[in-house]
Amino acid sequence: MIVSSYLVRIEPFTQHFLRLQGGHFDLADRMFHSIGDAWLSASKNNMADLKELIPEFFYLPEFLINSNRYDFGCKQNGVRLNNVILPPWAKDDPREFIRIHRSALESDFVSAHLHEWIDLIFGFKQKGPNAVEAVNVFHHLFYEGNADIYNIDDPLKKNATIGFINNFGQVPMQLFKKPHPMKKTFNNSLILSLPPLLSSVNLSGSSGSGKVFIHNLEYLKPMMNPIKELKGAVGQIIQQEKTFLAVEQNKVLIPPLYNRYVAWGFADHSFRIGLYESDRALYVWESELFPPNGEILCTTVPNSRIIITAGTNSVIYVWRVKLKTFALTLHQKLYGHTEAVTCLASSSAYGIVVSGSRDKSCIIWDLNRFVFIRQLGGGLDSLHKSPIAAAAINDLTGDIATCCSTMLYVWSINGDLIAQVNTLNVNSSMNVAINFTASQNSSQILCLAFSTYNEWDANNVILTGSSDGVVKIWSLRFVQEQIASSNGEDTNSFNDNRDENSSSSSSTSEELKNS
């Protein structure tokens, strides 16, 4: 019940909540509607309120938004329930709330006191005299083994007991009988002092603080020996614990070992699997195996069992592969684009595939069921105004980045636009020679990638490489700004006006800033 009450704004928890409530929502004054009120109720005002935080408070901003427009009614003071009211420090933005909340969870203070919480919930202070001393005693039905509902003969008593447990939950199984050891924390004083950060410029042109991992460029020295001598332009770079792997264009390394690759784009239209170290082809599939009237333009390999290809005939092909026997069989065809598919990206962590096309459409597919999920940016009136050049998925958060021409877009995994920027219009104060007088055609984005710091870390960045040879680093930061009515393509940030009753003069948004 506690989980369903927190997640009542998203499915399937809405239906779970309704079933527990007899088919209707609870009284509005009893519904979860405010982070501040929930905190005061559980910590101070209501000793019978036994709610605890659930994991979604640290990674899922969607549960705070009433995106399905459910009617939760009005409170006695006349306030109509809608989105969850956030603390002032969250700036009325669910993503900012999750980011700061996650940062607090990962803080040194929480790490230093985590063992105390374990002692209360799972440890020696859960039961007995230690629980009494710690004021950690609950109703006897809360504890494991104290209520055997299958041996209760009285139906009224049985239903009352089940309802009591459904509404208030149970204390988890006791795992430890001794005090839990304190977590070892990292000594920050061991970190070497680093040179000053590069200054950054936000999209309105004012200078800001650029907390990214790149420092003054004179400190970036090339290695004496190359990572790998390639025969052509670099197509993929994989970072491993002790080394980097790199292959040419039209090649993709096969996870998780990355000791083999798939290759395409040959004159005979063949498709090959080869060894990374020796660059020797292990097996070649002739063009007869692949679909007629088209050639492969892009490939993604989410795991060692699945290869996904697409190309000029607009169809996406899912192949089952057995590396031991080199058996390649067509598993499924995915239809959704009307012109050539220009890019593919996949994430095993989130079970999705993203495809972009020359027809300006960008689609998310289910990697497990291989079905259509949603299209990014709408249908005929898509936000993408030119063919999709590249797409990337953040394996930490599920965020998706797409680019077309000089435009960079960032989306949530649920298809909500988080931020957008026209990279051609951004000035920079970096000590790098960049020709901003270049035409739009000479600075189109060709590739992009996410950094992989800790989940929801504010220092995560997006890197873009463009046709003028420039690599730019973008940080995604929360901003509060005035709404400007504009129909132009070069919108600098995404305005997300979630509160219908708020003033129309300002909104919360996130901004892509060039560092």
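Under the numbering used here, the sequence shown is numbered contiguously, ending at residue 1826. We treat Cβ as the ideally placed atom computed from N, Cα and C, and that holds for glycine. Computed from a predicted structure; not experimentally measured.
Open item on the list: Per DSSP, what are the beta-bridge partners of E1540 in this structure?
Closed with: For E1540, DSSP records no beta bridge to any residue.
- [ ] Give the straight-line distance between the Cα atoms of L1861 and I1476, rounded to the nearest whole angstrom.
- [x] What is shown of the chain runs 1312 to 1826, which leaves residue 1861 out entirely.
Open item on the list: Judging by CA-CA distance, which residue of E1540, P1567 and S1657 is the nearest neighbour of A1285?
Closed with: With the chain covering only 1312 through 1826, there is no way to say anything about residue 1285.
- [ ] Look at the Cβ atom of G1347, then the Cβ atom of P1405, and state whether they are nearer than 7 Å.
- [x] No, these two residues do not count as a Cβ contact at 7 Å.
Task: Inter-residue Cα distance where the pair is A1712 and L1634 - done: 31 Å
Open item on the list: If you measure between the beta carbons of N1470 and M1312, is that distance less than 7 Å?
Closed with: No.
Open item on the list: With H, G and I counted as helix, E and B as strand and the rest as coil, what does DSSP make of K1438?
Closed with: It is coil, neither helix nor strand.
- [ ] Could you work out which residue in K1489, D1382 and F1577 is closest to G1434 when comparing CA atoms only?
- [x] K1489
Task: Same chain, Cβ closer than 8 Å to N1457, neighbours up to 5 away in sequence not counted - done: H1451
Task: Test item: CB-CB of A1491 and D1590 under 7 Å - done: The question names Ala, yet the displayed sequence has His at residue 1491. No. Outside cutoff.
Open item on the list: So for G1474, helix, strand or coil by DSSP?
Closed with: helix
TODO: Spell out the partners DSSP gives S1658 in its beta bridges.
DONE: I1663
- [ ] Note down the Cα distance separating S1797 from L1694, rounded to an integer number of angstroms.
- [x] Low per-residue confidence applies at S1797: pLDDT is 37, beneath 50, and the placement is therefore not dependable, though the value from the model is reported in the following sentence. Whole-angstrom Cα-Cα distance: 14 Å.
Task: Reduced DSSP category for Y1628 - H, G, I as helix; E, B as strand; rest coil - done: Strand, per DSSP.
Open item on the list: Please return the same chain residues whose Cβ sits closer than 6 Å to the Cβ of D1706, not counting the five positions on each side in sequence.
Closed with: S1658 and A1660
Task: Endpoints, beta strand (DSSP E) assigned at N1428 - done: Correcting the residue identity first, residue 1428 is Trp in this sequence and not Asn. Not the beta strand (DSSP E): W1428 falls in the alpha helix (DSSP H), residues D1419 to I1432.
Task: Alpha-carbon spacing of I1729 relative to L1687, whole angstroms - done: 12 Å
Open item on the list: Checking the sheet assignment: what are the DSSP bridge partners for V1558?
Closed with: Q1547
Open item on the list: Under DSSP, the alpha helix (DSSP H) around Q1326 begins and ends at which residues?
Closed with: F1324 to L1331
TODO: Mind checking which residues open and close the beta strand (DSSP E) that includes I1619?
DONE: I1617 to G1622
Open item on the list: Tell me the residue span of the alpha helix (DSSP H) that contains G1347.
Closed with: I1346 to L1351
TODO: Please state whether DSSP places D1340 in a helix, a strand or coil.
DONE: helix
Open item on the list: I'd like the span of the alpha helix (DSSP H) that includes V1573, first residue to last.
Closed with: That residue, V1573, is in no alpha helix (DSSP H); its beta strand (DSSP E) goes R1571 to A1574.
Task: Contact with chain D by N1388, beta-carbon distance below 7 Å - done: The structure shown contains no chain D; it is built from a single protein chain.
Open item on the list: Three or more C-beta pairs under 8 Å: does that hold for the region 1665–1674 against the region 1647–1656?
Closed with: yes
Task: Extent of the continuous beta strand (DSSP E) run through A1702 - done: A1701 to I1704
- [ ] Would you check whether the ligand HEM has a heavy atom nearer than 6 Å to the C-beta of I1432?
- [x] By its list of ligands, the structure shown contains no ligand whatsoever, and the ligand HEM lies outside what it can speak to.
TODO: Can you tell me which of G1389, K1495 and L1364 puts its alpha carbon nearest to the alpha carbon of S1418?
DONE: The shortest C-alpha separation from S1418 is found at K1495.
Open item on the list: Using 8 Å as the cut-off, can you tell me whether the region 1435–1455 makes contact with the region 1388–1403, which would need three or more C-beta pairs spanning the two stretches below that distance?
Closed with: no
Open item on the list: Considering just the uninterrupted stretch of the beta strand (DSSP E) at A1760, what are its terminal residues?
Closed with: I1756 to F1761
Open item on the list: Taking the straight line between their C-alpha atoms, what separation do you get for S1614 and Y1720?
Closed with: First, the residue type needs correcting, since residue 1614 is Asn and not Ser in the sequence shown. If I take the Cα positions, the gap works out to 26 Å.
TODO: Pull up the distance between the alpha-carbon of D1779 and that of A1544, whole angstroms please.
DONE: 15 Å
Open item on the list: Pop quiz: I1432 and P1483 are said to be a contact at Cβ under 8 Å. What is the actual Cβ separation, rounded to whole angstroms?
Closed with: 6 Å
- [ ] Within its chain, find whatever has a CB closer than 8 Å to the CB of Y1569; leave out the 5 residues flanking it on each side and keep chain order.
- [x] Taken in chain order, the residues that qualify are I1549, Q1551, L1556 and Y1587.
- [ ] Within 10 angstroms of the Cβ of W1767, are there 16 or more other Cβ atoms? Answer buried if so, exposed if not.
- [x] Per the 10 Å Cβ criterion, buried.
- [ ] Return helix, strand or coil for A1712, following the three-state DSSP convention.
- [x] strand
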